[in-house]
Structure formats: C-alpha cells, structure tokens
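Novice: Below you'll find the structure I mean.
In the working numbering, the protein residues as written are 15 to 144.
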C-alpha cells in the first residue's frame with residue numbers, strides 16, 4: 015500500500031458545512047507537491063485539478079498525525095479526489111490561510127490557521143453520524 019506520512023504541529027476540527035479538507039498552507043504545499051509527482055495538477059483560484067487517466071488506487075494514502083491525537087488521519091485517494099470528467103479530477107484538499115488577500119487559499123480566521131479542517135467529504139467517507 016502506498017502511504018505517505020506528514021507530521022503536523024496543530025489540531026483538527028470538524029466542519030459539516032465545509033465541502034473540502036482544509037490543510038494549513040505549509041502542510042498543503044507538501045501534500046500538493048507529492049501529488050504533483052504522480053499527475054499533472056494545476057490551480058484555478060483555491061481549487062486544484064489534476065489530469066490523471068490511471069487507477070486512482072495507485073495514488074498515495076495521505077497520513078497526517080496531528081499533535082492533539084495519537085491516531086493517524088488517513089486520507090485515501092477516493093476521499094481527496096473526485097472525478098469531474100474522463101481525465102480531470104478535482105482535489106478536495108485545499109490550502110487554508112489567515113491572509114484575506116490570498117486568493118490561492120481558503121480564508122480562515124487566525125485562530126483556525128493552524129488546524130486541519132475535516133469537512134463533509136471526510137465525514138461522509140467515514141460515515142460519521144452526529
């Protein structure tokens with residue numbers, strides 16, 4: 015199994031109304047660079063798209079260990095990518111930033127700038143019921 019781990023010095027929150035998985039900018043850049051080594055990815059505002067024709071199951075499982083948990087957060091390809099067309103995939107991972115003028119990332123208030131936001135795709139994938 016192709017798993018890649020990333021250390022993260024921060025915490026996590028759940029947000030049912032967020033349609034993405036938000037990663038602080040530095041962590042997002044690391045993950046995005048890894049994924050770009052497997053496929054051609056590009057930005058349109060804060061959204062990222064990737065051209066890929068193969069089986070997404072060969073792509074890495076992203077593992078993140080936040081400092082507020084002993085558990086690894088596992089984000090498999092079927093969670094972080096959705097098919098938009100035959101060869102274009104939308105990346106459900108987005109960078110977050112507390113800089114309001116940063117159009118390449120989703121704005122978050124400073125208190126959330128160092129948190130992973132586990133939005134609705136994560137909660138639906140792992141079937142969380144509140």
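For glycine and all other residues, C-beta sits at the position ideal for the given N, C-alpha and C.
1) Just to confirm, is the Cβ distance from residue 34 to residue 135 under 8 Å?
2) Residue 107: which of 121, 117, 62 and 26 sits nearest, CA to CA?
3) In whole angstroms, what separates the C-alpha of residue 89 from that of residue 65?
4) If residue 55 and residue 86 are in contact, beta carbons under 8 Å, what's the gap, nearest whole angstrom?
5) Does the pairing of the segment 20 to 28 with the segment 114 to 124 give three or more beta-carbon distances under 8 Å?
6) Leaving aside the five residues before and after residue 91 along the sequence, list all residues of the same chain whose C-beta is less than 6 Å from its C-beta, in chain order.
Specialist: Checking against the coordinates, here is how it stands:
1) What you label residue 34 is simply residue 20 of the chain shown in a count that begins at 1. What you label residue 135 is simply residue 121 of the chain shown in a count that begins at 1. Yes.
2) Residue mapping note: residue 107 aligns to position 93 of the chain shown, counting from 1. Ranking the options by Cα distance to residue 107, first place goes to 62.
3) Residue mapping note: residue 89 aligns to position 75 of the chain shown, counting from 1. Residue mapping note: residue 65 aligns to position 51 of the chain shown, counting from 1. Roughly 19 Å between the two C-alpha positions.
4) Taking the chain shown and counting its residues from 1, the one referred to as residue 55 is at position 41. Taking the chain shown and counting its residues from 1, the one referred to as residue 86 is at position 72. The pair is not a contact, with the Cβ atoms about 24 Å apart (cut-off 8 Å).
5) no
6) Within the chain shown, residue 91 is the residue found at index 77, counting from 1. Hits under 6 Å: 70 and 73.
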